[in-house]
């Protein structure tokens, strides 16, 4: 089994007329979140020396104030971030144009253009908070203006910014894919729908 086959099984078949650059952009979006997820899990949950651990911090004996909430919060945040990033494949994959079979009542039907464009557009706008958040972190503050409490020095600072700087590109990349999806769907003929899936959807 080739790497391309494995990737196709993960994100689904690429829709017709989707250029290679758009598919690569979707992959890039998933990679923008991965370094920060790894940093959090390795540095917080596994206790790696990526930051100065505070034994007096609330919530966990090894958790710094910046990530109060326990190990489950770090894992949940990382999984949620990657899941959101993965949804960008809906703008290039077949399941972003025709509802997949596992969705009762909708399977086999055409996905309305705005049903994908509106959430993706709002998401790309909301993700623009990351540049602001990183500026605040540079001043050791949360986005609310409260002290962050994240203590990093030397190479730890380099590792942190390598892990978190890619998040700045998430919003713009998603915006580019959203505009391309809208223009492609509006100018293309409706995708062919399997008649058996449509019949099952209407009778089921």
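In our numbering, the protein residues as written are 355 to 558. Yeah, the Cβ is synthetic: ideal placement off N, Cα and C, and Gly gets one too. All of these numbers come straight from a predicted model, not from anything done at the bench.
* Cβ separation of residue 524 and residue 386, assumed to be a contact under 8 Å, to the nearest whole Å -> 5 Å
* To do: May I ask you to verify whether the stretch 471-489 touches the stretch 505-513, counting CB pairs closer than 8 Å and requiring at least 3?
  => no
* Asked: Which same chain residues, not among the five before or five after residue 471, have their C-beta less than 7 Å away from its C-beta?
  -> Taken in chain order, the residues that qualify are 532, 535 and 536.
* Would you tell me roughly how many angstroms separate the C-alpha atoms of residue 413 and residue 400, rounded to the nearest one? => Low local confidence applies: a pLDDT of 34 at residue 413 is under 50, so the model's placement there is unreliable, and no value is given.
* Asked: For residue 520, is the classification buried or exposed, using 16 other Cβ atoms within 10 angstroms of its Cβ as the cut-off for buried?
  -> Residue 520 should be labelled buried.
* Taking the CB atoms as reference points, tell me whether residue 492 and residue 365 lie closer together than 8 Å. => no
* Would you say residue 528 and residue 383 are within 8 Å of each other, going by their C-beta atoms? -> yes
* For residue 436, count neighbouring Cβ atoms within 10 angstroms of its own Cβ and tell me buried if that reaches 16, exposed if not. => With fewer than 16 Cβ atoms within 10 Å of its Cβ, residue 436 is classed as exposed.
* Same chain, Cβ closer than 7 Å to residue 530, neighbours up to 5 away in sequence not counted -> Once the five neighbours on either side are set aside, the close Cβ partners of residue 530 are 379.
* To do: For residue 418, I'd like the list of residues in its chain whose CB is within less than 8 Å of its CB, leaving aside the five on either flank, ordered along the chain.
  => Unreliable positioning characterises residue 418 in this predicted model, as indicated by a pLDDT of 47, which lies under 50. A coordinate reading is not provided.
* Span of the alpha helix (DSSP H), counted from its first residue to its last, around residue 534 -> 524-541
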